[in-house]
């Protein structure tokens, strides 16, 4: 189990690294667009859509890493007043909900992507990209987020301190 958790963590880390590269690339191409548009009065036709597509990829590739590090949105105002053991079980439950929601999203994204491929659906833009290219990161990112969430919960039985906001593990 520990090797599986490590492998999932590594995959999430690689996906997050790729997401960081994509965000940097978005910055570069948008800067290029600004320079071309305002300095040379020659706007591009591809930057806006490319930046949107890259952003979808980057966001969904980064989501599993954020769940693995517990950096996704959490509300700890109420839970900080609870006993550590109850905090731990509530955290496990909330991460399981994230995993379930991600799994359901991945399932429906797969169906949507298959449908788009079957009818040859394309974007209504100058690039006319196949729609499945925009749906693929949802499938990959949400599947990885699902397995990462379950890995976090499984790991919390050996390392409960990683799941608690306060960092103090409950007594066994």
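In the UniProt record's numbering, the protein residues as written are 1 to 172.
Here a beta-carbon is modelled for each residue, glycine too, at the ideal position from N, C-alpha and C.
Buried or exposed by the 16-neighbour rule on C-beta atoms within 10 Å, applied to residue i
| i | result |
| --- | --- |
| residue 124 | exposed |
| residue 117 | exposed |
| residue 137 | buried |
| residue 172 | Here the model assigns residue 172 a pLDDT of 47, short of 50, so the residue's position is not dependable, and the following value carries that caveat. Exposed. |
| residue 77 | exposed |
Contact belief for residue i with residue j at Cβ below 8 Å, rounded distance in angstroms
| i | j | result |
| --- | --- | --- |
| residue 29 | residue 51 | 6 Å |
| residue 92 | residue 153 | 5 Å |
| residue 141 | residue 61 | 5 Å |
| residue 127 | residue 49 | 5 Å |
| residue 22 | residue 58 | 4 Å |
Residues bridged to residue i [DSSP beta-bridge criterion]
| i | result |
| --- | --- |
| residue 122 | 130 |
7 Å Cβ shell around residue i - same chain, five flanking residues per side excluded
| i | result |
| --- | --- |
| residue 103 | 146 |
| residue 13 | 65 |
Which listed residue (the options) has its alpha carbon closest to that of residue i
| i | options | result |
| --- | --- | --- |
| residue 47 | 34, 17, 65 | 34 |
| residue 135 | 144, 113, 85, 25 | 113 |
| residue 98 | 68, 111, 81, 85 | 68 |
Residues near residue i in its chain [Cβ-Cβ closer than 6 Å; skip 5 each side]
| i | result |
| --- | --- |
| residue 250 | This structure does not reach residue 250, given that the chain is present from 1 up to 172, and the question cannot be answered. |
| residue 105 | 142 |
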